[in-house]
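Those sequence lines, one after another, are chains A and B.
Residue 1 is where the first sequence starts when you use our numbering, and the numbers rise one by one after that.
Residue 1001 is where the second sequence starts when you use our numbering, and the numbers rise one by one after that.
In this text, a Cβ means the ideal position worked out from N, Cα and C, and glycines have one as well.
Fair warning: this is a prediction, and the values are worked out from it, not measured in the lab.
Below: one structure, written as structure tokens.
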Amino acid sequence: GAGVSQSPSNKVTEKGKDVELRCDPISGHTALYWYRQSLGQGLEFLIYFQGNSAPDKSGLPSDRFSAERTGGSVSTLTIQRTQQEDSAVYLCASSLTSGGAEEQFFGPGTRLTVL
Amino acid sequence: KQEVTQIPAALSVPEGENLVLNCSFTDSAIYNLQWFRQDPGKGLTSLLLIQSSQREQTSGRLNASLDKSSGRSTLYIAASQPGDSATYLCAEPAGNKLTFGGGTRVLVKP
Chain A
1 GAGVSQSPSN KVTEKGKDVE LRCDPISGHT ALYWYRQSLG QGLEFLIYFQ
51 GNSAPDKSGL PSDRFSAERT GGSVSTLTIQ RTQQEDSAVY LCASSLTSGG
101 AEEQFFGPGT RLTVL
Chain B
1001 KQEVTQIPAA LSVPEGENLV LNCSFTDSAI YNLQWFRQDP GKGLTSLLLI
1051 QSSQREQTSG RLNASLDKSS GRSTLYIAAS QPGDSATYLC AEPAGNKLTF
1101 GGGTRVLVKP
């Protein structure tokens, strides 16, 4: 398919371990977003990439969270020293061009459970 | 600060009834508004994006309206079916991101 893909679909880890979540955006989309969906918190923005520009990291909740986007395509969200409050569904989205005003297309998400 | 609100949080209707889902926003200079559907354990599926210059947008049984002056968007789903059961979210752009409402969880009873 030509949609946004994410892997893994589910991840169970122990508190204190590091995890990496992957996102493959729609081919040709220059903008990529990460969001987190927690029970009781709704959907919250984490980070935004646009081409080769510096990413907008304003939504990252702590310095344990980081993300990269290599070659303007695939992105990896890394959470170091996971905590139980990091348990959530992590959603990736992409859009054709820059900015939140463009229609965003979402992947299926990665469900992270921290024990 | 932009806020997006969806009331009610949950809605149950019998099959065949029309669904009316509400979304309120505080930004009168809204650029566009996007409606999504989310099935349990799944990602978000984009349903409709309505530009600020439009008053409504239609796709099949779905119709979304936008009233900037009152700060409201409404998603109408005609002749609801059990397969329409899902959570419906609205979102508006805020800088480089979308700001989401809390969603309305819909159950269509056969």
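Buried versus exposed call for residue i [16 or more other C-beta atoms within 10 Å across all chains shown]
i, result
"K17/A", "exposed"
"N1096/B", "buried"
"I1007/B", "exposed"
"L96/A", "exposed"
"V1020/B", "exposed"
"Q84/A", "exposed"
"L115/A", "exposed"
"P1093/B", "buried"
"E102/A", "buried"
"T1104/B", "buried"
"A1064/B", "buried"
"F70/A", "Per the sequence shown, residue 70/A should be read as Thr rather than Phe. Label assigned to T70/A: exposed."
"L1107/B", "exposed"
"L1044/B", "buried"
"G1101/B", "buried"
"T82/A", "buried"
Sub-9 Å separation of residue i and residue j beta-carbons
i, j, result
"A1078/B", "L43/A", "no"
"Q6/A", "T110/A", "yes"
"C19/A", "T13/A", "The residue you asked about is not Cys; residue 19/A is Val in the sequence shown. In this structure, T13/A lies closer than 9 Å to V19/A by Cβ."
"T1026/B", "Q1057/B", "no"
"I1050/B", "N1032/B", "yes"
"D1039/B", "A1086/B", "yes"
"N1076/B", "F1036/B", "What sits at residue 1076/B in the sequence shown is Tyr, not Asn. Not closer than 9 Å, so no."
"G51/A", "G28/A", "no"
"G59/A", "L46/A", "yes"
"F105/A", "S1046/B", "yes"
"G107/A", "D56/A", "no"
"Q1054/B", "L1098/B", "no"
"K11/A", "L112/A", "yes"
Segment limits, beta strand (DSSP E) that includes residue i
i, result
"I1077/B", "R1072 to I1077"
"L1107/B", "T1104 to K1109"
"K1068/B", "No beta strand (DSSP E) holds K1068/B; DSSP gives it neither H nor E."
"A1094/B", "A1086 to A1094"
"S53/A", "First-last for S53/A: undefined, no H or E at that position."
"V4/A", "Per DSSP, V4/A belongs to no beta strand (DSSP E) and is neither H nor E."
"Q956/B", "Absent from the model: residue 956/B. The displayed extent of chain B is 1001 to 1110, so no value can be given."
"K1097/B", "K1097 to F1100"
"R111/A", "T110 to V114"
"E1056/B", "E1056 to S1059"
Within the stretch 10-49 of chain A, ranges of the beta strand (DSSP E) (whole runs, at least 3 residues) = 10-13, 19-24 and 31-38
Continuous beta strand (DSSP E) assignments of at least 3 residues falling wholly in the stretch 60-101 of chain A | 65-69, 75-79 and 88-95
Any chance you could list the beta strand (DSSP E) runs of at least 3 consecutive residues sitting entirely within the stretch 1012-1054 of chain B, in chain order?
-> 1019-1025, 1032-1038 and 1044-1051
Three or more C-beta pairs closer than 8 Å, one from the stretch 1058-1070 of chain B and one from the stretch 80-90 of chain A: is that the case here?
-> no
Taking 8 Å as the threshold, find out whether the stretch 66-79 of chain A comes into contact with the stretch 1013-1026 of chain B through three or more Cβ pairs.
-> no
Between the stretch 24-35 of chain A and the stretch 70-87 of chain A, do at least 3 Cβ pairs fall closer than 8 Å?
-> yes
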